[in-house]
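Quick note on the numbering used here: the sequence shown kicks off at 3 and runs consecutively.
Note that beta-carbon positions come from the ideal geometry of N, C-alpha and C, so glycine has one too.
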Amino acid sequence: MVQGKHILLIVGGGIAAFKALDLIRRLRERGARVTPVMTRAAHEFVTPLSVSALAGVKVFTDLFDLTAEAEMGHIELSRAADLVVVAPATADLMAKMAGGHADDLASTVLMATDKRVLIAPSMNVRMWDHAATQRNLATLRGDGILVCGPNEGDMACGEYGPGRMAEPLEIVAAIDSALGDGPLKGRHVLVTSGPTHEPIDPVRYIANRSSGAQGTALARALLNLGARVTFVTGPAQVPPPPGADVVAVETARQMREAVIAALPADAAVFAAAVADWHVLGASQQKIKKTKGGLPELTFGENPDILAEVAQMAKGRPGLVVGFAAETEDVIAHATAKRARKQCDWIVANDVSPASGIMGGTENAVTLISEAGAETWPRMAKEAVAERIAQRLAAALTEAGGASGGDI
Ligand code: C5P
Numbered sequence: 003m004v005q006g007k008h009i010l011l012i013v014g015g016g017i018a019a020f021k022a023l024d025l026i027r028r029l030r031e032r033g034a035r036v037t038p039v040m041t042r043a044a045h046e047f048v049t050p051l052s053v054s055a056l057a058g059v060k061v062f063t064d065l066f067d068l069t070a071e072a073e074m075g076h077i078e079l080s081r082a083a084d085l086v087v088v089a090p091a092t093a094d095l096m097a098k099m100a101g102g103h104a105d106d107l108a109s110t111v112l113m114a115t116d117k118r119v120l121i122a123p124s125m126n127v128r129m130w131d132h133a134a135t136q137r138n139l140a141t142l143r144g145d146g147i148l149v150c151g152p153n154e155g156d157m158a159c160g161e162y163g164p165g166r167m168a169e170p171l172e173i174v175a176a177i178d179s180a181l182g183d184g185p186l187k188g189r190h191v192l193v194t195s196g197p198t199h200e201p202i203d204p205v206r207y208i209a210n211r212s213s214g215a216q217g218t219a220l221a222r223a224l225l226n227l228g229a230r231v232t233f234v235t236g237p238a239q240v241p242p243p244p245g246a247d248v249v250a251v252e253t254a255r256q257m258r259e260a261v262i263a264a265l266p267a268d269a270a271v272f273a274a275a276v277a278d279w280h281v282l283g284a285s286q287q288k289i290k291k292t293k294g295g296l297p298e299l300t301f302g303e304n305p306d307i308l309a310e311v312a313q314m315a316k317g318r319p320g321l322v323v324g325f326a327a328e329t330e331d332v333i334a335h336a337t338a339k340r341a342r343k344q345c346d347w348i349v350a351n352d353v354s355p356a357s358g359i360m361g362g363t364e365n366a367v368t369l370i371s372e373a374g375a376e377t378w379p380r381m382a383k384e385a386v387a388e389r390i391a392q393r394l395a396a397a398l399t400e401a402g403g404a405s406g407g408d409i
């Protein structure tokens, strides 16, 4: 529900900007607070006066408005809202977002925000179909940007096809679901992600090749279904998903502490590539190279976080999901791992170098549960994440129960 929520609405410069006025009205009718930001081009289609009159607040327009910068910088503006909505999102604005430009207030806000972003594209059908726009759209989706529309129909330019901005009430519905009205609404899901770094001394560490891409995609998919997500991440290459409660850790032992502190949860998904060992007595000073001498490293075992949580006698999440990265006999090893760790599901994947999965964009997984092994076709990590999230939502719904603890 948008009731009581704060929407930062970026109005781009397209003919559909007039529909943004209706969108503001619809949102305010439903009890939302709307802070509008207009691009320069948007001024050509609607006036700041009408936008501001409907929103009931001042319109932000220029990055270098020093008073506004002093009162509320673009950083604060980008973070004070519950959701950022771009309507209409023109081809140019989408290109700027995909390229990471920040040369005016709208694009800077979009770069600086830590909130989820929903765009409602609107443009001529040929511009929509253009390879560059489709490439930018794919990039934006990959970045976790939510997209509403465009619709197909007659266009102001006289052509027919996809490119019409979604209707204000369709955008309101997309905002509703972006604000957490999905099947996981009210559920708390814990996700671990990324590698861990195990220090040898203050400058050296032992790590692995996990990028954090799969864990991030999973957290995003769970957020899209309305879950509250606690995202415990090691030092990953990909940024954490906007909207999650992020707990950044470095070592396996810190990850364990963060996981235990984040419980209770309805479900826990352990996508982190946790180091099995840490260096015992890691040096407080940088170990010096001494002539002819090699450092002796001794190892201690790290806590198995997944096994510990899966075997909790009290407060165990209703669904505990582990990953198994294997390089051979994937299904057999993963099935044994499920039994050993006592988790409900294992998502098994082949990370042999030939598969290109570790650090890559695709994943080929087998879901192992009590019911047996189910192999999915190779697909983008985002698609794997969506499928796992949907399964997880279905399992929690079937199990019923209250949020926040045992189900
Ligand atoms: O035992 P292995 O590392 O292959 O198990 C992989 C699964 O266990 C993953 O889900 C991983 O996140 C989790 N794990 C963990 N703590 C460890 C090792 C692995 O949570 N110390």
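Alpha carbon of residue i to alpha carbon of residue j, nearest angstrom
i: Val39; j: Gln287; result: 51 Å
i: Leu321; j: Ala229; result: 14 Å
i: Ala269; j: Thr363; result: 25 Å
i: Met3; j: Leu369; result: 34 Å
i: Thr399; j: Leu227; result: 12 Å
i: Ile177; j: Gly402; result: 26 Å
i: Ala264; j: Ala93; result: 41 Å
i: Leu25; j: Ala19; result: 10 Å
i: Trp378; j: Val332; result: 13 Å
i: Lys293; j: Val205; result: 20 Å
i: Glu330; j: Pro355; result: 11 Å
i: Ile208; j: Glu376; result: 34 Å
i: Asp183; j: Val127; result: 31 Å
i: Ala391; j: Ala221; result: 9 Å
i: Val88; j: Gly188; result: 26 Å
i: Glu31; j: Ala350; result: 48 Å
i: Ala104; j: Pro50; result: 21 Å
i: Cys159; j: Met167; result: 13 Å
i: Ala140; j: Ala134; result: 10 Å
i: Ala250; j: Thr218; result: 13 Å
i: Ser285; j: Glu298; result: 11 Å
i: Ile409; j: Asp346; result: Low local confidence applies: a pLDDT of 35 at Ile409 is under 50, so the model's placement there is unreliable, and no value is given.
i: Trp130; j: Asp156; result: 14 Å
i: Gly102; j: Ala260; result: 32 Å
i: Val53; j: Asp203; result: 57 Å
i: Gly6; j: Ile289; result: 56 Å
i: Val248; j: Leu23; result: 35 Å
Contact set for residue i: own chain, Cβ-Cβ below 8 Å, skip 5 residues either direction
i: Gln216; result: Ser195, Ala273, Phe325, Asn365, Lys383, Val386 and Ala387
i: Phe301; result: Trp279, His280, Val281 and Leu282
i: Ala267; result: His190, Val191, Leu192, Thr232, Pro319 and Gly406
i: Leu142; result: Met96, Met99, Ala100, Ile121 and Val149
Reduced DSSP secondary structure (H/G/I, E/B, other) of residue i
i: Asn226; result: helix
i: Trp130; result: helix
i: Glu200; result: strand
i: Ser124; result: coil
i: Gly374; result: strand
i: Gly217; result: helix
i: Val13; result: strand
i: Ile26; result: helix
i: Glu252; result: coil
i: His335; result: helix
i: His280; result: strand
i: Ala396; result: helix
i: Met113; result: helix
i: Ile348; result: strand
i: Asp408; result: Because the pLDDT of Asp408 is 37, which lies under 50, any placement of that residue in the model is unreliable, and the number read from its coordinates should be weighed accordingly. Correct three-state label for Asp408: coil.
i: Gly358; result: coil
i: Arg389; result: helix
i: Asp64; result: coil
i: Leu265; result: coil
i: Met99; result: helix
i: Phe20; result: helix
i: Lys7; result: coil
i: Arg118; result: strand
i: Glu364; result: strand
Spatial neighbours of residue i in its chain, beta-carbon cut-off 6 Å, leaving aside the 5 residues before and after
i: Val490; result: What is shown of the chain runs 3 to 409, which leaves residue 490 out entirely.
i: Val174; result: Arg28
i: Glu328; result: His335
i: Ala254; result: Thr198, Val276, Ala277 and Asn304
i: Ala97; result: Asn138
i: Arg35; result: His8
Contact set for residue i: own chain, Cβ-Cβ below 7 Å, skip 5 residues either direction
i: Leu171; result: Arg28
i: Leu107; result: Val39, Phe62, Thr63, Asp64, Leu65 and His76
i: Gln136; result: none
i: Val367; result: Val349, Ala350, Asn351, Trp378 and Val386
Chain D within 8 Å of residue i, Cβ atoms only
i: Val276; result: Looking for chain D here will not work: only one protein chain is present.
Kindly provide the chain-ordered list of residues whose Cβ lies closer than 5 Å to any non-hydrogen atom of the ligand C5P.
Those residues that bring their Cβ nearer than 5 Å to a heavy atom of the ligand C5P are Phe272, Ala274, Val276, Asn304, Asp306, Ile307, Leu308, Gly324 and Phe325.
Residue ranges of each alpha helix (DSSP H) run of no fewer than 4 residues wholly in the stretch 131-200, ordered along the chain?
Along the stretch 131-200, the alpha helix (DSSP H) occurs as fully enclosed runs of 4 or more residues at 133-144 and 170-180, listed in sequence order.
Within the stretch 268-327, ranges of the beta strand (DSSP E) (whole runs, at least 3 residues)
The stretch 268-327 contains these whole beta strand (DSSP E) runs: 269-272, 279-281 and 301-303.
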